[in-house]
Amino acid sequence: MMAVFRKELLENLRDRRVVVNTLLLGPLAAPLIFVAIIWFTVQQAIDRAEADLELVVVGAEHAPNLLRWLEQQGVVVKDALDDPEQAIREEQEEVILRIPQDFGAAWSSGRPAVVEVLTDRSRRYAGTSLARVEGLLQGYSRQIGQLRLQLRGVTPDLAQALRVQTVDLSTPESRGGMILAFLPYVVLITVFIGAMHMAIDTTSGERERRSLEPLLINPLPRWQIMGGKLLATTAFALATLGLGLIAFTWALKLLPTAQMDMALNLDWKVALTAFVLVLPVALLASGLLIILAAFAKSFREAQSYLGLVMFIPMIPSFWILINPSRLETWMTWVPLLSQSILILEMVRGETIEAVWMLTSFASTGALALLLAIIAGSLYNRPGLIFGDG
Amino acid sequence: MIEARNLRKCFGDVVAVDDVSFRAEDGQITGLLGPNGAGKTTTLRMLYTLLKPDSGDMTVDGIDPRREPLAVKRRLGVVPDSRGLYDRLTARENVRYYGELHGLDGATIDSRTHRLAELLGMQDFIDRRTEGFSQGQRVKVAIARAMIHDPRTVLLDEPSNGLDVMSTRALRHYLLSLREEGRCVVLSTHIMQEVAALCDRIVIIAHGRIAADGSAEQLLARSGERSLEDAFVKLIGSDEGLLA
Chain A
1334 MMAVFRKELL
1344 ENLRDRRVVV
1354 NTLLLGPLAA
1364 PLIFVAIIWF
1374 TVQQAIDRAE
1384 ADLELVVVGA
1394 EHAPNLLRWL
1404 EQQGVVVKDA
1414 LDDPEQAIRE
1424 EQEEVILRIP
1434 QDFGAAWSSG
1444 RPAVVEVLTD
1454 RSRRYAGTSL
1464 ARVEGLLQGY
1474 SRQIGQLRLQ
1484 LRGVTPDLAQ
1494 ALRVQTVDLS
1504 TPESRGGMIL
1514 AFLPYVVLIT
1524 VFIGAMHMAI
1534 DTTSGERERR
1544 SLEPLLINPL
1554 PRWQIMGGKL
1564 LATTAFALAT
1574 LGLGLIAFTW
1584 ALKLLPTAQM
1594 DMALNLDWKV
1604 ALTAFVLVLP
1614 VALLASGLLI
1624 ILAAFAKSFR
1634 EAQSYLGLVM
1644 FIPMIPSFWI
1654 LINPSRLETW
1664 MTWVPLLSQS
1674 ILILEMVRGE
1684 TIEAVWMLTS
1694 FASTGALALL
1704 LAIIAGSLYN
1714 RPGLIFGDG
Chain B
3 MIEARNLRKC
13 FGDVVAVDDV
23 SFRAEDGQIT
33 GLLGPNGAGK
43 TTTLRMLYTL
53 LKPDSGDMTV
63 DGIDPRREPL
73 AVKRRLGVVP
83 DSRGLYDRLT
93 ARENVRYYGE
103 LHGLDGATID
113 SRTHRLAELL
123 GMQDFIDRRT
133 EGFSQGQRVK
143 VAIARAMIHD
153 PRTVLLDEPS
163 NGLDVMSTRA
173 LRHYLLSLRE
183 EGRCVVLSTH
193 IMQEVAALCD
203 RIVIIAHGRI
213 AADGSAEQLL
223 ARSGERSLED
233 AFVKLIGSDE
243 GLLA
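Sequence lines, in order, name chains A and B. So the first sequence is numbered by the numbering used here: it starts at 1334 and just counts up by one. So the second sequence is numbered by the numbering used here: it starts at 3 and just counts up by one.
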């Protein structure tokens, strides 16, 4: 069995395409892309929050006091446009303030004076500007309202029945966890990608090269031959996983986490725990992919089957996305889901109970062994050896 | 020594091998001669344990392949119809892999590889990756890896397929040397000249059945023809598949 294992590794390590795709691009691409995206988003958000707020005001002449106040707050007021709706639709402006003609009348009679804020909420980049404009207008409204009450000898506190104070108990780690929510998916898909090429090459590839029949004539129980292939595939998957986690841990250090007011709890210890946690998944993925690839008639056919399987590691992440709920014990029994949830908890900085690790490891390991046993029995089917059905 | 008695194998409705019996003695080259699709490969696959016969008996040196497949595989050297090599490995590594699968130690593998490379004339390309090898070079590697465990019984399925004249000659010399060493050699072929030049005993298979069995002289005498080709056509009852 070890002879098969060694030979499959040697053969695939000699293939430069395999090494580059599986061991280099696979594990490195995801972290780098991710870090680049986050970095870019954070920079943009910081830029927007700090930049001067430029605001087009239509009908500025109806509310000179409001305008003066806005300018005092640092808003750069721009001249009115002929067609403000059009300007928003054509993305020339993010937010436009329109002051109707009867603003002055309402104001002096003490009725709420209407001002309109024009924007397009589906343009997500407008969100920051919109929040700033709304905040400013609310502030002005409150300030004037309080002045009015005080003029009438009423304390403004009366108008405020409640003072809501939200105490945010999130930690920098847990806020960072929100950003790392996609990590389980990336980790699982890395394992599957790592196993994919090897699974195809050692099974349908071997048959396509017509070397399977002579191989099986060697005096080795067939399950051992398959076992060697399975081990080699698992080893490749683990190598990819390890490299991916290292790349991630390293790449996250490049992010400006202090400016983001969060901490990314992915240090070497967490990465190592995640590696151990995902260990049985490597065997699971290898077994599953090998079974499918062994049935395929050719390398190409196997690739198209296995492309579909790549959806499997997405399922837990989607499930968590659609149904965000608290960790419950049953979840730690479900292969793939348990790894996803436990990794999420870890990057949030929560402590993981040893028993959860154990159940996750045991259930996934059991399923993986079952698949391995099925895979081991495959070469007892003549159809799979000679490729005729 | 190989004995097959009344072997039968069907794939669905198709009877591939029907009541095939023959003996192949040690120190002899036995040729399974027949047109394409006659059941030669299926017969050999049953002998080297990759297919199970539906009925009938067979033994290799007295061992039943169905009961002790691993023991039979250890005694057999097989060059099957599929001669795929590992292109990313050198010829030597291809041979060494099979040696390791047979559980041989490194020193034995090295010395046997050296000897086989000499016998088969592989010295020039033994340390090259097999990608881009000619058919002749590929067959040599396939033979070397099948012989690495020094088997007493050798099965070859259409060994001269795709070989040029020089390679075919080298192959014949090698097979004759195996006979000299007292091994039991069985080869399947559809090429008349090959059996005529090599085989001590000819088993003609057609439509999954044994059409005739004997030495070249016996077959000529039995058919009453003068050339082996005419005898062959007469014995299988048609010239179907001969030219394929």
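Positions of the beta carbon are idealized from the N, C-alpha and C atoms, including for glycine. On a predicted model such as this, the values are computed, not experimentally measured, just so you know.
DSSP, read as helix, strand or coil, puts B:D15 in coil.
Put simply, the CB of A:N1551 is near chain B, with a gap under 8 Å to one of its CB atoms. In this structure, A:M1595 lies near A:I1512, with their beta-carbon atoms less than 8 Å apart.
Of all residues in the segment 1627-1641 of chain A, none places a beta-carbon less than 9 Å from a beta-carbon of chain B. Annotation: A:D1435 is outside any beta strand (DSSP E) and is labelled neither H nor E by DSSP. Using beta-carbon distances, A:K1562 does not count as an interface residue toward chain B, since no partner is under 8 Å. With its beta carbon less than 8 Å from one in chain B, A:I1718 belongs to the interface. Excluding sequence positions up to five before and after B:G239, its CB lies within less than 8 Å of the CB of A208 and A213, all in the same chain and listed in chain order. Any Cβ of chain A closer than 8 Å to the Cβ of B:P55 would place that residue at the interface, and such an atom is absent. Between A:S1544 and chain B, the shortest Cβ-Cβ separation is below 8 Å.
Judged by their CB atoms, A:T1566 and A:G1509 are not nearer to each other than the 8 Å cut-off. Straight-line spacing of the CA atoms in A:R1540 and A:T1697 works out to 30 Å. The Cβ atoms of A:S1650 and A:P1517 lie closer than 8 Å to each other. Residue-level contact by beta carbon fails for A:R1349 and chain B, as no gap is shorter than 8 Å.
As DSSP reads the structure, B:S190 sits in a beta bridge with B:L34 and B:D159. Nearest in C-alpha terms to B:D89, of all of B:D112, B:G105 and B:F135, is B:F135. A:I1370 counts as exposed, since fewer than 16 other beta carbons sit within 10 angstroms of its beta carbon. Interface flag for A:A1565 against chain B is unset, since no Cβ pair is found closer than 8 Å. Here A:D1380 carries a helix assignment [DSSP, helix/strand/coil].
Flagged as an interface residue toward chain B: A:A1336, by a C-beta distance shorter than 8 Å. Contact between A:I1558 and A:V1337 is confirmed by a C-beta separation of about 6 Å, below the 8 Å threshold. Take the alpha-carbon of B:H151 and the one of B:G64: they are about 19 Å apart. In the structure shown, B:R69 falls within a coil segment according to DSSP collapsed to helix, strand and coil. Taking 8 Å as the cut-off, the Cβ atoms of A:R1422 and A:G1392 do not count as close.
Here A:L1588 is actually not in contact with A:I1676; their C-beta atoms are around 18 Å apart, not less than 8 Å.
When secondary structure is reduced to three states using DSSP, A:A1446 falls in the coil class, being assigned neither helix nor strand.
Cβ atoms of B:I204 and B:A218 come within 8 Å of each other, at about 6 Å. Taken through DSSP and simplified to helix, strand or coil, B:D21 comes out as strand. Here the segment 71-81 of chain B makes no contact with the segment 16-32 of chain B; the two share fewer than three CB pairs at distances below 8 Å. The Cβ atoms of B:V97 and B:A146 sit closer than 8 Å to each other. The criterion of a C-beta distance shorter than 8 Å is not satisfied by B:M48 and B:E5. In summary, A:L1346 is exposed, with fewer than 16 beta-carbon neighbours lying within 10 Å of its beta-carbon over all protein chains present. Burial state of B:S57 is exposed, judged by a 10 Å Cβ sphere holding fewer than 16 other Cβ atoms.
For A:E1387, the enclosing beta strand (DSSP E) stretches over residues E1387 to V1391.
Within the same chain, and ignoring the five residues on either side of A:V1603 in sequence, the residues whose Cβ sits closer than 6 Å to its Cβ are M1679.
B:V80 reaches chain A at P1547 and I1550, counting residues in chain order whose Cβ is nearer than 8 Å.
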